[in-house]
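What follows is a set of notes on a single structure, which appears directly below.
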């Protein structure tokens, strides 16, 4: 074991013994486990033996961190990658072990242990050994409590809330699992594993999902509910980042909370439309007075570029840096991924993809924090207004909400111009 025998003296002792031929058998096989734990001096002492080993000696160097082995040693070895053991095979082996030990283990527990081991039978046996301390009968609830994992239903509830764009329900589901004893890192791993299965099912690779038939059916249902792969990929990236950030964060639940907000509030990407050719000038008068009187928010900035508010330039970066020192929560609500901006005549307009974030930003503490910093940097009075950004804006007066124009706007269309028809024709929606 290289983890406990790391010195040059240990390698020298090995070299002294290797020259003796075996009493039985044809070869002497030296298996060095966790070989990356050897010191640099120990590797150098072993290098000559690896270059010219005795005919009867075979070295097997095992490691889980091959990048830590010196290149001089790697170049003198044949490399064989051990594949991960499939969940089905691991469950079968654990079932035999449990029966031999006289343990009554629920099939769901064996599935859970196999998935937690991520292809390592040694880790699976170690987890089963921990669970055996519970007694001769091991239930799923008890196993989840010991391993710190959430129930499958908790993951399903969280995903259903995200699909419904219900941030409150998603947060409730998350904190209910954490309060019940689930480990935040394990929970994020479970969500990522399930979402990966949904992605594989959506791309026609359901056979690659190593899970039960019931779970595969639920994945197929959610794959259909996501529809476009863009939304699914967005949610996977958010929770995958959360799984990496849980370990180093000071607040374990924060990365998961941020993943929920990003999954629900980030505006959906719309395909770019080709530029329209210039419309011919019409001799008929344009109904501009009615359209200007409609209570619509100011023009929304282009979604394709997350730039500072128009007219502020470097001052916006200064505002964000100053605001981060006084209110990190407000700064998070101004992230370019979930918020777009527009600066016009002393008014800072904020656009959000959902009413949840808009209502949160409109809280007095966030508005006052932003106004105080902005007025200090800009040297003038600042008014902050929040809006929920929509695809095509509001319908002008006189347009039927059930007509074709309204239907087109619900699909992302925009009204470019409104012209009067000749008096002898029937009025219709353009």
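Numbering (my numbering), first residue to last: 2 to 431. From the three backbone atoms N, C-alpha and C, an ideal C-beta is built for every residue, glycine too.
From the DSSP output, read off the bridge partner residues of residue i.
i, result
"residue 343", "350"
"residue 384", "348"
"residue 389", "353"
"residue 33", "62"
Output needed for residue i: all residues of its chain with C-beta closer than 6 Å, excluding positions within five of it in sequence on either side, in chain order.
i, result
"residue 307", "Note that residue 307 scores a pLDDT of 42, beneath 50, so its modelled location is shaky; the value from the coordinates is reported in the next line. Answer for residue 307: 337, listed in chain order."
"residue 237", "196"
"residue 71", "44"
"residue 287", "With a pLDDT of 40 at residue 287, under the threshold of 50, the predicted position of this residue should be treated as unreliable, and no value is reported."
"residue 99", "106"
"residue 139", "106, 110, 132"
"residue 433", "Residue numbering for the chain in the displayed model covers 2 to 431; residue 433 lies beyond these limits and cannot be assessed."
"residue 102", "none"
"residue 403", "Its pLDDT being 49, under 50, residue 403 is placed unreliably by the model, and the measurement read from it follows with that caveat. Counting only Cβ-Cβ distances below 6 Å, and skipping sequence neighbours, we find nothing."
Skipping 5 residues on each side, what residues in its chain have a beta carbon closer than 8 Å to that of residue i?
i, result
"residue 128", "114, 117, 118, 148"
"residue 194", "116"
"residue 63", "32, 33, 34, 35, 36"
"residue 356", "389"
"residue 377", "323"
"residue 17", "none"
"residue 198", "210, 212, 216, 217, 220"
"residue 321", "332, 335"
"residue 207", "201, 217, 220, 221"
"residue 20", "55"
I believe residue i touches residue j by the beta-carbon criterion, under 8 Å. Please report the beta-carbon distance rounded to the nearest angstrom.
i, j, result
"residue 387", "residue 351", "5 Å"
"residue 379", "residue 316", "6 Å"
"residue 174", "residue 155", "6 Å"
"residue 141", "residue 161", "No, residue 141 and residue 161 are not in contact; Cβ-Cβ is about 21 Å, not under 8 Å."
"residue 258", "residue 172", "7 Å"
"residue 264", "residue 163", "5 Å"
"residue 203", "residue 226", "Actually they are not in contact, since the Cβ atoms of residue 203 and residue 226 sit about 10 Å apart, beyond 8 Å."
"residue 182", "residue 153", "The pair is not a contact, with the Cβ atoms about 16 Å apart (cut-off 8 Å)."
"residue 179", "residue 254", "6 Å"
Under 7 Å Cβ to Cβ from residue i, same chain only, skipping five residues before and after it: list those, please.
i, result
"residue 86", "120, 122"
"residue 200", "233, 237"
"residue 95", "111, 114, 115, 125, 129"
"residue 244", "186, 189, 190, 193"
"residue 331", "324, 367, 370, 371"
"residue 383", "347, 349, 372, 375, 376"
"residue 92", "111, 112, 115"
"residue 73", "48"
"residue 23", "29, 57"
"residue 319", "378"
"residue 214", "none"
"residue 2", "34, 35"
Determine, using beta carbons only, whether residue i comes closer than 7 Å to chain D.
i, result
"residue 40", "Note that chain D does not occur in the displayed structure, where there is just one protein chain."
Next on the checklist: Going residue by residue through the stretch 77-145, where are the continuous alpha helix (DSSP H) segments of at least 4 residues, counting only ones entirely within it?
Outcome noted: The stretch 77-145 contains, as complete alpha helix (DSSP H) runs of 4+ residues, the segments 88-101, 108-118, 122-132 (chain order).
Checklist entry - Is it true that the stretch 43-60 meets the stretch 18-34, where meeting means three or more beta-carbon pairs spaced less than 8 Å apart? => result Verdict: yes, contact present.
Checklist entry - Three or more beta-carbon pairs under 8 Å between the stretch 79-87 and the stretch 35-50, yes or no? => result Contact between the stretch 79-87 and the stretch 35-50 is absent, because fewer than three Cβ pairs lie under 8 Å.
Item to check | the stretch 318-330 contacting the stretch 367-376, beta-carbon criterion three pairs below 8 Å | outcome: Segments in contact, yes.
Checklist entry - Is the stretch 8-16 close to the stretch 32-44, with three or more CB pairs under 8 Å? => result Here the stretch 8-16 lies against the stretch 32-44, with 3 or more beta-carbon pairs under 8 Å apart.
Item to check | Inside the stretch 155-208 only - alpha helix (DSSP H) runs reaching at least 4 residues | outcome: As for any alpha helix (DSSP H) of minimum length 4 sitting wholly inside the stretch 155-208, the runs are 168-180, 185-203, ordered along the chain.
Item to check | Meets three-Cβ-pair contact criterion under 8 Å: the stretch 132-146 and the stretch 155-173 | outcome: Note that the stretch 132-146 does not touch the stretch 155-173; fewer than 3 beta-carbon pairs, one per stretch, sit closer than 8 Å.
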